[in-house]
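Before any comments, here is the structure.
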Amino acid sequence: MFGFDPSAANVVPSRYRQVALSTGLQSLDPVWLENHFIGREAYMRTRFIVARCGEETALVEIDRRQSSDLFSPIESARVLATPRQCRYVVARETDCGVASQMAAVALDHQDVSCVVVEGRYSHVSFILNPQPLKLHVLDIVPPFPSKLLDQVQRVLDLAEELPPVVVVPTLIDSRAQLTEACDRLPSRVLVPCRGSGIDLEGVTIDYLDERPQAADWTLLGCERSHQIHRWFYGSSPTTVDICPKRFAGDIGREGGHILTRCCLLQEGIEDSSQATFVPWGASLCEVHDAIETIINRVGVTWTPT
Ligand SMILES: [Zn+2]
């Protein structure tokens, strides 16, 4: 008996050893393939065969006779993807055991429903009917690279236990926000810390965490730095607010799922209809939990075999 609906979303083998490679075949015609494989012996772990004829590729699912022997005859076979629906991609950096990495490769081949990947360690596996969750990661730059984007990518690169997620970065340049908010660039700009990595020609930059002498400046920061300013100097400066919260609404309206961060969140994650927030200095664990929270809320279909 075949185990799943071949039109199900995000079919990804949970173990690469379920996938066997058969090269140099005479034909990839579905009837020919079924006849070719039925009756042949298959290894006890084999469930899928990547069938190749020259540069063309088809994906076949097989069913073996129930047996505890190492090898047993194939009793039925069905083609899950014909050569027109299937592409063979060599991507040496891709870990075939991580669904998000498979989905990332498939993004470049959206004209086919099945992408077979020859990846890291020369393992061969596939993703059938990829429908990864598109996760908008919203962050403020500089500094470069965006820390949150980098963390999300590192978490997804190792996420064997998560369904496929691909990242859509939305990076807001705080310097552009400043230019937009002010008719003329202010001569002094106060930013939260030296790590902000801001450099503007003809503008003196002060760093709030160094508690500089009060000056006539414009604060380029989030609500927390505004609060700190009031504590330090007893006054509210002219502020250009660059809290990601401000920008989340625009993406949310397009129906995207947003992961971002906010200076006001101390620990853990905050899940709202607008976006899912992690703290400004989130750990990889918190980033992982936030991604999982979004996946559970959205309900990403995943068909590990
Ligand atoms: Zn904030």
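The opening position of the sequence shown corresponds to residue -11 in our numbering, with each subsequent residue numbered one higher.
Idealized CB from N, CA, C, for every residue including glycine.
| message | What does the Cβ neighbour count give for residue 107, buried or exposed, with the cut at 16 atoms within 10 Å? | response | So residue 107 ends up on the buried side.
| Considering only C-alpha positions, which residue in the set 20, 60 and -1 is nearest to residue 41? | Minimum Cα distance to residue 41 is reached at 20.
| message | So if I measure from each beta-carbon to every heavy atom of ligand 2 and keep distances below 7 Å, which residues remain? | response | In the structure shown, ligand 2 is absent; the only ligands present are ligand 1.
| Proximity below 7 Å, CB of residue 97 to CB of residue 105 | Residue 97 is not a Cβ neighbour of residue 105, given a cutoff of 7 Å.
| task | Counting only the same chain and skipping the five closest in sequence on each side, list residues whose C-beta sits under 8 Å from that of residue 8. | result | Close CB contacts of residue 8 within its chain, under the 8 Å cut and outside five residues either way in sequence, are with 30, 31, 34, 36, 37 and 38 (chain order).
| message | Taking the alpha-carbon of residue 53 as reference, which of 109, 152 and 25 has the nearest alpha-carbon? | response | Out of 109, 152 and 25, 25 has the C-alpha closest to the C-alpha of residue 53.
| query | For the beta strand (DSSP E) that contains residue 113, what are its first and last residues? | reply | Per DSSP, residue 113 belongs to the beta strand (DSSP E) from 112 to 116.
| When you compare only the Cα positions, how much space is there between residue 286 and residue 214? | In a straight line, the C-alpha of residue 286 is about 34 Å away from that of residue 214.
| task | Reducing DSSP to helix, strand and coil, say where residue 16 ends up. | result | The answer is coil: DSSP assigns residue 16 none of H, G, I, E or B.
| CA-to-CA distance, residue 197 to residue 179, given in whole angstroms | Whole-angstrom Cα-Cα distance: 9 Å.
| When you compare only the Cα positions, how much space is there between residue 162 and residue 270? | Approximately 20 Å, taken between the alpha carbons.
| query | Hey, out of 258, 195 and 111, whose CA is closest to residue 78's CA? | reply | The candidate whose alpha carbon is nearest that of residue 78 is 111.
| query | Based on Cα-Cα distance, which residue from 282, 193 and 227 lies nearest to residue 121? | reply | Ranking 282, 193 and 227 by Cα distance to residue 121 puts 282 first.
| task | Alpha carbon to alpha carbon, how far is residue 136 from residue 268? Give it in angstroms, no decimals. | result | Separation of residue 268 and residue 136 (C-alpha to C-alpha, rounded to the nearest whole angstrom) is 9 Å.
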